[in-house]
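**Student:** So the sequences go chain by chain: W and L. Counting from 0, one number per residue, gives the positions in the first sequence under numbering that gives the first Met the number 0. Counting from 0, one number per residue, gives the positions in the second sequence under numbering that gives the first Met the number 0. Just so you know, even glycine gets a beta-carbon here, dropped at the ideal spot from N, CA and C. Below is one structure. I have some questions about it.
Protein chains: 2
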Amino acid sequence: MKVFREIRELKEYLKIERIKAAKDRKFPKTGLVPTMGFLHEGHASLLQRARQDNEIVVLSIFVNPIQFGPNEDFDRYPRDEDKDLALAEREGVDAVFLPSVEEMYPHPTATKIKVEGLTERLCGASRPGHFDGVTTVVGKLLHIVQPTNAYFGQKDAQQAAVIAQMVQDLNFDVEIIPCPIIRESDGVALSSRNVYLSAEQREAAKVLSRSLQKLQSGVEAGESITAGEALKALTEAIQAEPQAVIDYVEIVHYPRLNPVEESTILKDAEEPVLVALAVKFGTTRLIDNVILMKKGEALHV
Amino acid sequence: MKVFREIRELKEYLKIERIKAAKDRKFPKTGLVPTMGFLHEGHASLLQRARQDNEIVVLSIFVNPIQFGPNEDFDRYPRDEDKDLALAEREGVDAVFLPSVEEMYPHPTATKIKVEGLTERLCGASRPGHFDGVTTVVGKLLHIVQPTNAYFGQKDAQQAAVIAQMVQDLNFDVEIIPCPIIRESDGVALSSRNVYLSAEQREAAKVLSRSLQKLQSGVEAGESITAGEALKALTEAIQAEPQAVIDYVEIVHYPRLNPVEESTILKDAEEPVLVALAVKFGTTRLIDNVILMKKGEALHV
């Protein structure tokens, strides 16, 4: 496994790998897994999928300052390079790209990629500018790595939808592959930010997955619950947990993210439905979601 | 010469050409010349340079609606496909990409690429949103064609600077090659929009190049004119032409586009200096410019 801290070196490596393969008359597929590091089994699942699909697997680790707001956790975002490299090695990654902030932004960027509409709801409403930072850095990474496939976890369901929209609108030559949420055995979605939680908050955080999964099982079992009823039930369940402070609970179509009408019976919705929430436990903001689909319906972003 | 109207077909063609070359263990360079058609010898000079530098030359012709303001000339912008294809054939173009608006924008784009700062002055001030449309469509074309080099005329000096900034900030894997302005024998810069001019306006339009070139020769001959004096002289010369209505006359550093102080003696400026103007003749808005450089200084964007 190679580790690159400079764009130039990574590009040179990829060029040589592609030339080698071309000499054998092959056109190797490259898979990119863009992350902010502090890797967990959710990231590992993306790397495994990338390993299955591609000849070359590139993991990028970069805590991207321009997607954090002024009062957010950029400085204290957890970092553990040694552990990350060990996990990457274990998953058979070919190249890890670990640039510094100066390498990615030698000057403050004058250029941003902005997706309108999709970025205004859910996390976009509480984190203004966040998605512009995400799409801009993902655009940069796609240009640097030029992958065939790029892998994104569905825990950030809105992020996956926003990036898919960007790729479609700007004709990026890449396939965006959304991958399922990975959870702890007690249901809590894996997140690098879980490390911020006290023992008591970690216990309280179970309310998110528990209430989302209760809703999902009900709908899948054929219950005729409306979007309005579901919102009320979720909100009440989370509010019953004294540690939890709701940022948002929303029910929207996926991947378009337009709101589902309150009167819509969820099991009869014509498109996949995203039930998404962001909840604070102390200073730690967690997100989680489920996507409700008809039997046999395939998820795409 | 091949003509493609669909993105999928063009990409398939480029893939096959690249595979062919790779089988011979070559890595063919591709040159892209993006245009809005109604081609003239200015465009021809870009194609000639692209032909020199690359194995594959792609010409795109697309009148991009999202770079026109609501009261601008999108609908009446001149088009002549047959003449354009004849010129392309003459210049040895390999592939012409001629997409419809529906092919480039199957839905209104939710995504834009925006360059801040550089786009706020000069043409950006009088054409709000114009450069967002330009950077977005150029981003799309770069993703579709994946060229090694892309060629832009220096008549749109600000456009070349904005695109170079975008390419640098977003790590696009392409070289931006600025090419000199081509002029009629009487000095008027070639422009597809010259076709709008009446005989009288065409005659009057000579004031632009005449006054710019007078300034340039003076500075090159060692005259100690300041930026403020130059602005005044240019403005007066153009105002003396009754057909001409000034949109702007500006003197800025190039390619950063920050204003040159009025007291700066132009021949002593530390960086290249762009003297740029936009002037209306009737309803037709023409732009022209000169770049003042020290002897031996090389222009880059």
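Taking all protein chains shown into account, do 16 or more other C-beta atoms lie within 10 angstroms of the C-beta of residue 294 (chain W), making it buried, or fewer, making it exposed?
**Tutor:** Flag for residue 294 (chain W) reads exposed.
**Student:** Are the CB atoms of residue 67 (chain W) and residue 98 (chain W) within a distance shorter than 9 Å?
**Tutor:** Not closer than 9 Å, so no.
**Student:** Compare the Cα-Cα distances from residue 251 (chain W) to each of W:245, W:243, W:261, W:244 and report the closest residue.
**Tutor:** Closest option to residue 251 (chain W), Cα to Cα, is W:261.
**Student:** With a threshold of 9 Å between beta carbons, is residue 300 (chain W) in contact with chain L?
**Tutor:** False, the Cβ-Cβ gap to chain L never drops below 9 Å.
**Student:** Beta carbon of residue 56 (chain W), beta carbon of residue 94 (chain W): below 9 Å?
**Tutor:** Yes; because the gap between Cβ atoms is below 9 Å, this pair is in contact.
**Student:** Who does residue 237 (chain W) pair with in a DSSP beta bridge?
**Tutor:** Beta-bridge pairing links residue 237 (chain W) to no other residue.
**Student:** Rounding to the nearest angstrom, what Cα-Cα distance links residue 91 (chain L) and residue 52 (chain L) in this structure?
**Tutor:** C-alpha separation (whole angstroms): 13 Å.
**Student:** Rounded C-beta distance between residue 87 (chain W) and residue 58 (chain W)? I'm assuming under 8 Å.
**Tutor:** Yes, they are in contact, since the Cβ atoms of residue 87 (chain W) and residue 58 (chain W) sit about 5 Å apart, within 8 Å.
**Student:** Using the three-state DSSP reduction, which class does residue 110 (chain W) fall into: helix, strand or coil?
**Tutor:** Here residue 110 (chain W) sits in strand by DSSP.
**Student:** If you follow the beta strand (DSSP E) that residue 59 (chain W) is part of, which residue opens it and which one closes it?
**Tutor:** Counting along the chain, the beta strand (DSSP E) containing residue 59 (chain W) begins and ends at 55-60.
**Student:** So if DSSP puts residue 245 (chain L) in a beta bridge, which residue, or which two residues, is it bridged to?
**Tutor:** Answer by DSSP bridge pairing, in chain order: L:278.
**Student:** Check whether the Cβ atoms of residue 50 (chain W) and residue 30 (chain W) sit closer than 9 Å, and answer yes or no.
**Tutor:** A contact, by the Cβ cut-off of 9 Å.
**Student:** One question on the structure: do residue 301 (chain L) and residue 69 (chain L) come within less than 9 Å of each other, judged by their Cβ atoms?
**Tutor:** As shown, chain L starts at 0 and ends at 300. That puts residue 301 (chain L) outside it, with no answer to give.
**Student:** In this structure, does DSSP put residue 41 (chain W) in helix, strand or coil?
**Tutor:** Correct three-state label for residue 41 (chain W): helix.
**Student:** Let's test the definition: count the other Cβ atoms within 10 Å of the Cβ of residue 112 (chain W) and tell me whether it reaches 16, buried, or not, exposed.
**Tutor:** The residue in question, residue 112 (chain W), is buried, as its Cβ has 16 or more Cβ neighbours within 10 Å.
**Student:** Got a sec: which bits of the segment 105-123 of chain W sit with their beta carbon under 7 Å from any beta carbon on chain L, in order along the chain?
**Tutor:** Here the close residues are 108, 109, 110, 111, 112, 113, 114, 115, 116, 117.
**Student:** The alpha helix (DSSP H) spanning residue 201 (chain W) covers which residue range?
**Tutor:** Taken as a continuous stretch (DSSP letters only), the alpha helix (DSSP H) holding residue 201 (chain W) covers 198-203.
**Student:** Output yes or no for whether 9 Å exceeds the beta carbon distance between residue 225 (chain L) and residue 265 (chain L).
**Tutor:** Closer than 9 Å, so yes.
**Student:** Any C-beta of chain L sitting closer than 9 Å to the C-beta of residue 264 (chain W)?
**Tutor:** No, its Cβ sits nowhere closer than 9 Å to a Cβ of chain L.
**Student:** Any beta carbon from chain L within less than 9 Å of residue 18 (chain W)'s own beta carbon?
**Tutor:** By this cut-off, residue 18 (chain W) is an interface position.
**Student:** Taking the continuous beta strand (DSSP E) assigned at residue 174 (chain W), which residues delimit it?
**Tutor:** That run of the beta strand (DSSP E) goes 174-178.
**Student:** Between L:248, L:257, L:121, which lies nearest to residue 268 (chain L) when the distance is taken from Cα to Cα?
**Tutor:** Minimum Cα distance to residue 268 (chain L) is reached at L:257.
**Student:** If you draw a straight line from the C-alpha of residue 157 (chain L) to the C-alpha of residue 103 (chain W), how long is it?
**Tutor:** Each residue's Cα considered, the two are about 25 Å apart.
**Student:** Would residue 65 (chain L) and residue 128 (chain L) qualify as a contact pair, given that the criterion is a beta-carbon distance under 9 Å?
**Tutor:** Going by C-beta atoms, residue 65 (chain L) is nearer than 9 Å to residue 128 (chain L).
**Student:** Among W:11, W:77, W:147, W:186, which residue has its Cα nearest to the Cα of residue 176 (chain W)?
**Tutor:** Comparing Cα-Cα distances from residue 176 (chain W) to each of W:11, W:77, W:147, W:186, the minimum goes to W:147.
**Student:** Just confirm the distance between the C-beta atoms of residue 208 (chain W) and residue 188 (chain W), as a whole number of angstroms; I'd bet it's less than 8 Å.
**Tutor:** Right, their Cβ atoms sit about 6 Å apart.
**Student:** How would you list, in chain order, the residues of chain L whose beta-carbon sits under 9 Å from the beta-carbon of residue 1 (chain W)?
**Tutor:** Those do not exist, as residue 1 (chain W) stays about 19 Å from chain L at its closest Cβ, beyond 9 Å.
**Student:** Determine, for residue 155 (chain W), whether the minimum Cβ-Cβ distance to residues of chain L falls below 9 Å.
**Tutor:** Not one chain L Cβ lies under 9 Å of residue 155 (chain W).
**Student:** Can you tell me the Cα-Cα spacing of residue 285 (chain L) and residue 2 (chain W), whole angstroms?
**Tutor:** Rounded to the nearest angstrom, the two C-alpha atoms are 52 Å apart.
**Student:** Taking residue 28 (chain W) as the query, report the chain L residues whose CB atoms sit under 9 Å from its CB, ordered along the chain.
**Tutor:** The premise fails here: residue 28 (chain W) is roughly 14 Å from chain L at the closest Cβ pair, so nothing lies under 9 Å.
**Student:** In the DSSP assignment, find the unbroken beta strand (DSSP E) run with residue 85 (chain L) in it and report its ends.
**Tutor:** It is not in any beta strand (DSSP E) - residue 85 (chain L) instead sits in the alpha helix (DSSP H) that spans 80-89.
**Student:** For a quick check, are the C-beta atoms of residue 280 (chain L) and residue 212 (chain L) less than 9 Å apart?
**Tutor:** No, Cβ-Cβ distance for residue 280 (chain L) and residue 212 (chain L) is not below 9 Å.
**Student:** Note the first and the last residue of the continuous alpha helix (DSSP H) segment covering residue 26 (chain L).
**Tutor:** From DSSP, residue 26 (chain L) is part of no alpha helix (DSSP H); its letter is neither H nor E.
**Student:** I want to see whether chain L comes within less than 9 Å of residue 139 (chain W), judged by CB atoms only; does it?
**Tutor:** Yes, its Cβ sits closer than 9 Å to a Cβ of chain L.
**Student:** Along the chain, where does the beta strand (DSSP E) containing residue 291 (chain L) start, and where does it finish?
**Tutor:** Start and end: 283-291.
**Student:** Taking the C-alpha atoms as reference points, what is the distance between residue 14 (chain W) and residue 180 (chain W)?
**Tutor:** One C-alpha to the other measures close to 33 Å.
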